[in-house]
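Asker: Be aware that the sequence shown starts at 487, since it is given in the UniProt record's numbering, and climbs by one per residue. Input: one structure, supplied below.
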Amino acid sequence: QGSSPAQPLGRQGVREFVSQRPELAVHVGEPSTASEWDVREVGDGNINFVYIVTGPAGALCLKQSLPYVRMVGAGWPLTQARLAVEVEALRTQARLCPRHVPAVYTFDRALAVVGMQCVPPPHTILRGALVRGEVFPRLSEHVAHFLAATLFNTSFLALSPQAFQEQTERFANRGMCELTEQVIFSDPYHGAPHNRAASPHLATLALLHGDFHTGSLMVAQDSTYVIDAEFAFCGPIAFELGKWVANLLLAFFGATGHGHDTAKARRQEEWLLQTARESIDGFLAGFQTLWLQHGASEDGGVASASLFEGPDELVPVIEAFLQDVTRDAAHFAGAVMIRRIVGIARVADLETIQDPQLKCVEGGRRVWARDAC
Ligand code: ADP
Ligand code: SR1
Ligand code: MG
Ligand code: MG
Ligand code: MG
Numbered sequence: 487q488g489s490s491p492a493q494p495l496g497r498q499g500v501r502e503f504v505s506q507r508p509e510l511a512v513h514v515g516e517p518s519t520a521s522e523w524d525v526r527e528v529g530d531g532n533i534n535f536v537y538i539v540t541g542p543a544g545a546l547c548l549k550q551s552l553p554y555v556r557m558v559g560a561g562w563p564l565t566q567a568r569l570a571v572e573v574e575a576l577r578t579q580a581r582l583c584p585r586h587v588p589a590v591y592t593f594d595r596a597l598a599v600v601g602m603q604c605v606p607p608p609h610t611i612l613r614g615a616l617v618r619g620e621v622f623p624r625l626s627e628h629v630a631h632f633l634a635a636t637l638f639n640t641s642f643l644a645l646s647p648q649a650f651q652e653q654t655e656r657f658a659n660r661g662m663c664e665l666t667e668q669v670i671f672s673d674p675y676h677g678a679p680h681n682r683a684a685s686p687h688l689a690t691l692a693l694l695h696g697d698f699h700t701g702s703l704m705v706a707q708d709s710t711y712v713i714d715a716e717f718a719f720c721g722p723i724a725f726e727l728g729k730w731v732a733n734l735l736l737a738f739f740g741a742t743g744h745g746h747d748t749a750k751a752r753r754q755e756e757w758l759l760q761t762a763r764e765s766i767d768g769f770l771a772g773f774q775t776l777w778l779q780h781g782a783s784e785d786g787g788v789a790s791a792s793l794f795e796g797p798d799e800l801v802p803v804i805e806a807f808l809q810d811v812t813r814d815a816a817h818f819a820g821a822v823m824i825r826r827i828v829g830i831a832r833v834a835d836l837e838t839i840q841d842p843q844l845k846c847v848e849g850g851r852r853v854w855a856r857d858a859c
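Structure representation (structure tokens):
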């Protein structure tokens, strides 16, 4: 749990934290200029405090985990070990996919604070941009690349059994998995006789980002960063894909509710569906390519060459595997959409729609609100 303070660092605390650490100060400015640094708390997530520090040499992002869920307060304790998991996951993802992951500069375990690369403007959180009606032509390509590279290379297909076991233990992330089980698979169904439980086959597991939704991506027209990996764990690949598609669909169902002109909203709706399709198709193609490439090597993982005669034998196996993953992703997507509508942590895509009638959608079309809405 750690013994770090239960208070946010605050602006002065941030200045002190950075100026005492040369590996951080180098990104902001000489410590002697610290009193002039601009410090803004920008945490718009549900869980942590996040500061952007700007000085003469540039900007830096600090993320601080307190021992509770920010949106609820001290009444909902949460392990601070989540930040160590986030740091490990960001480092693993940055190794596999450096273009789309911010670099970690320093991690203070005792204080539960990480200093990392500040994703620069004009990058902005995808969910907010979607509410503003924006589209990002290269997003599906970037997401497909991130998903294929991180999920294939951390799966049982690519790693040796020993390495996979070690990764599973390192990313047990028990407290955060318990939170996910509660808020996605249990709470929204109170009163139901039992909760859904996933029982994936071993090979369909990989190191997941674990919270891969539109609030965890910072986007610009030509560039994408994936942030906020505190829920990382070795889990079903389908969960990652399902969360992503579910959040694009939530934006889709909200698109006509934000007062944009009809043509803009319709264009965004089309782009959202296309992005969902293309990012999943791109992931499937990328994952298959990585598997075939891996099949030509002998280094660890059940995808190694010796198990199959050649591509003729291997391709149908890959296709069947990915078909299972895709089907499970659709099931997870349903659960994720339900939790975002009825559970804690609802989303701006729907919550910011003022007109209750516009919140009622059916099959992508607005319908007249009924009493039940
Ligand atoms: P939480 O875990 O509470 O959801 P996040 O890691 O998602 O926190 O960060 C909250 C907000 O802080 C993000 O929505 C984003 O605006 C900002 N942020 C987080 N990491 C960075 C970064 N590396 N660079 C710039 N802004 C960031
Ligand atoms: C208390 S639940 C908070 C939620 O926010 C995060 O982004 C995760 O999705 C988590 O389930
Ligand atoms: Mg977040
Ligand atoms: Mg988070
Ligand atoms: Mg979700």
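The beta-carbon is built from N, C-alpha and C at its ideal position, and this holds for glycine as well. If you're wondering where the values come from, they're calculated on a predicted model, not measured in any experiment.
Would you kindly work out how many angstroms separate the C-alpha atoms of F739 and H780, rounded to a whole number?
Answerer: Counting from 1 along the sequence shown, the entry for residue 739 is found at position 253. Counting from 1 along the sequence shown, the entry for residue 780 is found at position 294. So the alpha carbons of these two residues sit roughly 39 Å apart.
Asker: State the start and end residues of the unbroken beta strand (DSSP E) segment that holds L691.
Answerer: The residue you call residue 691 lines up with position 205 of the sequence shown. It spans 691–694 - the beta strand (DSSP E) in which L691 sits, taken as one unbroken run.
Asker: Have a look at L546, V828, A815, F622 and flag the residue whose alpha-carbon is nearest the alpha-carbon of G721.
Answerer: Indexing the sequence shown from 1 puts residue 721 at position 235. With distances taken between Cα atoms, G721 lies closest to A815.
Asker: Since L546 and G601 are thought to touch, with beta carbons under 8 Å apart, how far apart are those beta carbons, to the nearest angstrom?
Answerer: Your numbering for residue 546 matches position 60 in the sequence shown. Your numbering for residue 601 matches position 115 in the sequence shown. The Cβ separation is near 6 Å, so the contact holds.
Asker: When you compare only the Cα positions, how much space is there between V587 and A806?
Answerer: Here the question's residue 587 lines up with position 101 in the sequence shown. Here the question's residue 806 lines up with position 320 in the sequence shown. One C-alpha to the other measures close to 31 Å.
Asker: Going by DSSP, what residues sit across from A751 in a beta bridge?
Answerer: The residue given as residue 751 occupies position 265 in the sequence shown. Paired residues: none, contrary to the question.
Asker: State the beta-bridge partners of T610 as determined by DSSP.
Answerer: As a first step, residue 610 must be located in the sequence shown, where it is residue number 124. The partner list for T610 (beta bridge, DSSP) reads V705.
Asker: Helix, strand or coil for T761 per DSSP?
Answerer: Taking the first residue of the sequence shown as 1, we reach residue 761 at position 275. Of the three classes helix, strand and coil, the one that applies to T761 here is helix, per DSSP.
Asker: Quick one: grab the DSSP three-state call for Q648.
Answerer: Within the sequence shown, the letter at position 162 stands for residue 648. Looking at Q648 - three-state DSSP - the assignment turns out to be helix.
Asker: For A858, which three-state DSSP category applies?
Answerer: What you label residue 858 is simply residue 372 of the sequence shown in a count that begins at 1. Residue placement at A858 is poorly supported in this model, since its pLDDT is 39, which falls under 50; the coordinates are not used for a value here.
Asker: Do the stretch 663–673 and the stretch 591–611 touch if we need at least three Cβ pairs shorter than 8 Å?
Answerer: In short, these stretches do not touch, since the Cβ pair count stays below three.
Asker: Label S521 either buried or exposed according to how many other C-beta atoms from any shown protein chain fall within 10 Å of its C-beta, with 16 as the threshold for buried.
Answerer: The residue labelled residue 521 in the question sits at position 35 within the sequence shown. S521 comes out exposed.
Asker: What first and last residue would you give for the beta strand (DSSP E) that runs through R823?
Answerer: Working through the sequence shown from its first residue, we reach residue 823 at position 337. In the sequence under discussion, the amino acid at residue 823 is Met, which differs from the Arg named in the question. Premise fails: M823 lies in the alpha helix (DSSP H), 797–828, not in any beta strand (DSSP E).
Asker: Across which residues does DSSP place T592 in a beta bridge pair?
Answerer: By one-based count along the sequence shown, residue 592 stands at place 106. Answer is G601.
Asker: Below 7 Å CB to CB, which residues in the same chain sit around I824 once its five sequence neighbours on both sides are set aside?
Answerer: Residue mapping note: residue 824 aligns to position 338 of the sequence shown, counting from 1. Same-chain partners within the cutoff: P674.
Asker: Whole angstroms are fine: how far does the CA of E755 sit from the CA of V571?
Answerer: Your numbering for residue 571 matches position 85 in the sequence shown. Your numbering for residue 755 matches position 269 in the sequence shown. Roughly 35 Å between the two C-alpha positions.
Asker: In the DSSP assignment, find the beta strand (DSSP E) that holds K549 and state where it starts and stops.
Answerer: Taking the sequence shown and counting its residues from 1, one reaches residue 549 at position 63. First-last of the beta strand (DSSP E) with K549: 544–550.
Asker: Consider the C-beta atom of A644 and the heavy atoms of ligand 2; say whether any pair is separated by less than 6 Å.
Answerer: As a first step, residue 644 must be located in the sequence shown, where it is residue number 158. Checking every heavy atom of ligand 2 against the Cβ of A644, none is found closer than 6 Å.
Asker: Below 6 Å, is the gap between the Cβ of D714 and the nearest heavy atom of ligand 1?
Answerer: What you label residue 714 is simply residue 228 of the sequence shown in a count that begins at 1. Checking every heavy atom of ligand 1 against the Cβ of D714, one is found closer than 6 Å.
Asker: Do F719 and G743 have their beta-carbon atoms positioned less than 7 Å apart in this structure?
Answerer: By 1-based counting over the sequence shown, the position of residue 743 is 257. By 1-based counting over the sequence shown, the position of residue 719 is 233. Taking 7 Å as the Cβ cut-off, G743 and F719 do not qualify as a contacting pair.
Asker: Spatial neighbours of N532 within its chain, please: C-beta separation below 6 Å, excluding the five flanking residues on both sides.
Answerer: For the purposes of this step, residue 532 is taken as residue 46 along the sequence shown, with counting starting at 1. Cβ within range, chain order: M557, A831.
Asker: Candidates P517, E509, A649: which alpha carbon is nearest Q498's?
Answerer: Here the question's residue 498 lines up with position 12 in the sequence shown. Taking only the C-alpha atoms, the option nearest Q498 is P517.
Asker: Under 6 Å from any heavy atom of ligand 4, does the C-beta of G531 make it?
Answerer: Against the sequence shown, residue 531 aligns to sequence position 45. Checking every heavy atom of ligand 4 against the Cβ of G531, one is found closer than 6 Å.
Asker: Looking at the structure shown, is residue 435 part of a helix, part of a strand, or coil, going by DSSP?
Answerer: This structure leaves residue 435 out entirely; the chain is present only between 487 and 859.
Asker: Taking 6 Å as the line, does the beta carbon of P588 fall inside it for any heavy atom of ligand 1?
Answerer: Within the sequence shown, the letter at position 102 stands for residue 588. Within the cutoff, so yes.
Asker: Between A819, G701, T640, F769, which has its C-alpha nearest R581's C-alpha?
Answerer: Looking up residue 581 in the sequence shown gives position 95. Per the Cα distances, T640.
Asker: Looking at ligand 2, does it come within less than 6 Å of A815, judged from the CB to the closest heavy atom?
Answerer: As a first step, residue 815 is located in the sequence shown; it is residue number 329 there, counting from the start. No, the Cβ of A815 stays beyond 6 Å of every heavy atom of ligand 2.
Asker: Specify whether the stretch 554–568 and the stretch 610–621 touch according to this definition: at least 3 beta carbon pairs, one from each stretch, less than 8 Å apart.
Answerer: The stretch 554–568 is not in contact with the stretch 610–621.
Asker: Expressed to the nearest angstrom, what Euclidean distance is found between the alpha-carbon atoms of R624 and I766?
Answerer: For the purposes of this step, residue 624 is taken as the residue at position 138 of the sequence shown. For the purposes of this step, residue 766 is taken as the residue at position 280 of the sequence shown. Whole-angstrom Cα-Cα distance: 14 Å.
Asker: On the CB-based measure, 16 or more other CB atoms within 10 Å of its CB, does R526 come out buried or exposed?
Answerer: Position 40 of the sequence shown holds residue 526. R526 comes out exposed.
Asker: Using only the heavy atoms of ligand 1, determine whether one of them is closer than 6 Å to the beta carbon of V605.
Answerer: Position 119 of the sequence shown, counted from the first residue, corresponds to residue 605. Yes.
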